[in-house]
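This report refers to the structure that appears directly beneath it.
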Ligand SMILES: *[C@@H]1O[C@H](CO)[C@@H](O)[C@H](O)[C@H]1NC(C)=O
Ligand SMILES: *[C@@H]1O[C@H](CO)[C@@H](O)[C@H](O)[C@H]1NC(C)=O
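Numbering (full-length UniProt numbering), first residue to last: 1 to 571.
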């Protein structure tokens with residue numbers, strides 16, 4: 001039986017990688033290497049080593065160094081045995097990152113990493129900012145060197161990227177030319193106008209900036225080729241029809257479609273998917289029972305097979321306080337992560353929990369349990385409102401102790417999504433609030449008393465509590481505190497099937513630099529087209545009811561967008 005060794009410095013979701021290995025090399029044994037002693041113990045047997053890294057470069061380098069792994073890894077590489085770095089595992093092959101100026105990487109390549117700019121000229125020209133981090137599905141734009149050495153990475157496939165820092169080409173052309181002369185092969189990708197290193201390979205060393213274990217079939221094919229030692233593999237056949245004329249988005253990312261599952265237990269104690277316990281958009285059967293729309297893992301797997309780019313699970317009864325061990329969502333994630341190879345987000349209940357004996361489990365530990373189970377991101381809702389209120393009260397200063405700050409410090413900003421549940425409030429005059437208002441232009445849309453202004457008040461506890469804070473203000477605070485993405489719901493639109501809240505999305509998207517996911521109101525594929533057409537550039541859109549009721553598949557939505565010339569990833 002083959003054994004695959006995986007360096008684990010406990011900074012992220014390695015369960016998904018183990019699941020992906022199991023998928024492409026059934027029966028393979030996965031052994032985690034956590035320190036120098038582990039390395040020494042197994043060294044003689046290691047033929048295939050994976051070096052996955054998520055989150056922060058500095059944190060990763062520090063962990064690798066403190067655990068005494070830097071030297072054995074370098075010696076291993078020098079011995080000619082095979083290694084594959086993933087994400088920060090690619091970055092660490094380079095010498096240096098702006099993300100952690102004091103930390104030295106392994107330095108195999110004399111190159112450096114810099115942060116993507118939000119002020120990308122391509123975006124500035126149209127009055128937008130580029131979202132940083134880059135989150136989503138991008139292709140490969142260019143190769144240099146021996147391209148038969150890239151384990152089937154194919155320019156017509158899409159791969160899942162999530163990172164703020166990259167080895168950007170423009171600022172180090174000479175270094176790249178020199179490294180090409182040293183025998184390195186490169187694959188490059190464009191994020192907006194910034195071209196960066198998507199993959200590198202030389203002899204026994206291979207590394208990708210994208211996550212093969214989260215890139216659906218195309219990613220699994222790359223991982224499989226590496227594990228089988230086939231650098232010249234063909235890769236996954238691409239389903240992109242070359243004749244279809246599609247746009248190139250400003251960012252280069254395809255239009256991301258997320259399927260969302262609201263999970264609760266029914267009276268029999270079984271976990272089921274429903275539509276919102278929140279703000280009463282529940283679908284009831286004739287006996288007024290909340291309608292069961294299916295089982296979470298089964299549905300999620302179906303959506304993955306239909307081409308969903310991401311799956312979100314929300315615990316909609318999380319306002320109760322139950323100990324961590326009573327969270328069946330952990331099991332849902334474990335099961336889902338075995339068959340679903342796109343990013344998984346979990347929301348609801350990411351907060352400090354009190355165990356039966358009174359001990360408090362901090363939110364970062366709760367999040368860690370979800371990451372261990374297979375989640376890639378956690379979504380923070382009610383807690384975010386309290387954290388933002390404290391931030392404003394404290395002169396726009398964080399305490400360093402909030403869940404947003406602690407989780408993003410350890411697991412990276414990309415792991416923290418803020419779920420915002422705002423409700424429209426009409427006002428006659430902007431002076432009636434300190435929050436930034438939206439001027440309503442269309443008289444047909446004035447408030448019931450003819451109000452010409454509105455803003456979006458955030459709520460918590462599943463819409464039960466309203467706060468004197470605007471959605472925009474909440475998002476601005478959370479971005480400053482280290483959130484990586486915004487999931488923007490709209491209570492006024494949820495359950496209406498009448499389309500997304502374009503006005504709200506426009507307000508938030510034009511003011512924050514992290515990606516914004518449109519949520520609430522999707523009733524048909526046309527609504528997705530409409531929201532992606534917004535000139536402010538929404539990054540992703542989420543659907544729930546239309547998929548659960550079986551009215552449309554994720555494929556239907558993508559096929560529609562494709563027909564309209566939009567760039568979508570097809571599985
Ligand atoms: C990409 O895949 C297609 C088949 O889907 C193949 O014809 C083509 O040669 C591949 N390109 C590269 C660069 O491997
Ligand atoms: C949701 O959270 C509540 C409160 O902690 C808990 O009782 C319930 O079991 C959770 N549901 C799932 C699916 O984990």
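The beta-carbon is built from N, C-alpha and C at its ideal position, and this holds for glycine as well.
All values derive from a computational prediction rather than experimental measurement.
| Item | Value |
| --- | --- |
| Residue 178 - containing alpha helix (DSSP H), residue span | 173 to 181 |
| Residue 67 (DSSP reduced to helix, strand or coil) | coil |
| Opening and closing residue of the beta strand (DSSP E) in which residue 115 lies | 109 to 115 |
| Residues near residue 243 in its chain [Cβ-Cβ closer than 8 Å; skip 5 each side] | Any reading at residue 243 must be qualified, since the residue scores a pLDDT of 45, below 50, and its modelled position is unreliable; no value is offered. |
| Where residue 457 sits in the DSSP three-state scheme | strand |
| Residue 18 to residue 476 span [Cα, whole Å] | 36 Å |
| Residue 464 versus residue 315: straight-line alpha-carbon distance, rounded | 16 Å |
| Minimum C-alpha distance to residue 89 - residue among 119, 57, 184 and 111 | 57 |
| Reduced DSSP secondary structure (H/G/I, E/B, other) of residue 301 | helix |
| Distance cut-off 6 Å: residue 263 Cβ against heavy atoms of ligand 2 | yes |
| Residue 189 classed as buried or exposed, judged by whether at least 16 other C-beta atoms fall within 10 angstroms | buried |
| Sequence-distant residues of the same chain with beta carbon closer than 6 Å to residue 497, five excluded per side | 523 |
| Near ligand 2: residue 320 beta-carbon under 6 Å from a heavy atom | yes |
| Supposed contact pair residue 214 and residue 376 - C-beta distance, whole angstroms, cut 8 Å | 7 Å |
| Nearest-angstrom beta carbon gap, residue 347 and residue 408 [assumed within contact, 8 Å] | Contact flag wrong, Cβ pair sits at about 16 Å. |
| Sub-7 Å separation of residue 531 and residue 486 beta-carbons | no |
| Exposed unless 16 or more other CB atoms sit within 10 angstroms - verdict on residue 109 | buried |
| Of the listed residues 353, 551, 540 and 535, nearest to residue 308 (C-alpha basis) | 540 |
| Close-in-space but distant-in-sequence residues of the same chain around residue 71 (CB under 6 Å, 5 per side omitted) | none |
| Cβ separation of residue 417 and residue 378, assumed to be a contact under 8 Å, to the nearest whole Å | 7 Å |
| Assigned exposure category for residue 79 - 16 Cβ within 10 Å defines buried | exposed |
| Residue 315 CB to nearest heavy atom of ligand 2 below 6 Å | yes |
| Residue 462 beta carbon near ligand 2 (any heavy atom closer than 6 Å) | no |
| For residue 422: DSSP bridge partner residues | 458 |
| Contacting residues, own chain, Cβ-Cβ under 6 Å from residue 510 (five flanking each side not counted) | 536 |
| Cut-off 8 Å between Cβ atoms - residues of its own chain near residue 28, not counting five sequence neighbours on either side | 1, 2, 3, 4, 21, 22 and 227 |
| Closest by C-alpha distance to residue 520, when choosing among 503, 513 and 512 | 503 |
| Rounded distance between the beta-carbons of residue 15 and residue 374, thought under 8 Å | 5 Å |
| C-beta atoms of residue 105 and residue 94 nearer than 7 Å | yes |
| Per-residue DSSP class, three states only, for residue 257 | strand |
| Rounded straight-line distance, which links the Cα of residue 186 to that of residue 180 | 8 Å |
| As assigned by DSSP and simplified to three states, the class of residue 513 | coil |
| Inter-residue spacing [alpha-carbon to alpha-carbon] between residue 471 and residue 174 | 46 Å |
| Cβ neighbour criterion (16 or more within 10 Å) applied to residue 210 | buried |
| Inter-residue Cα distance where the pair is residue 305 and residue 571 | 8 Å |
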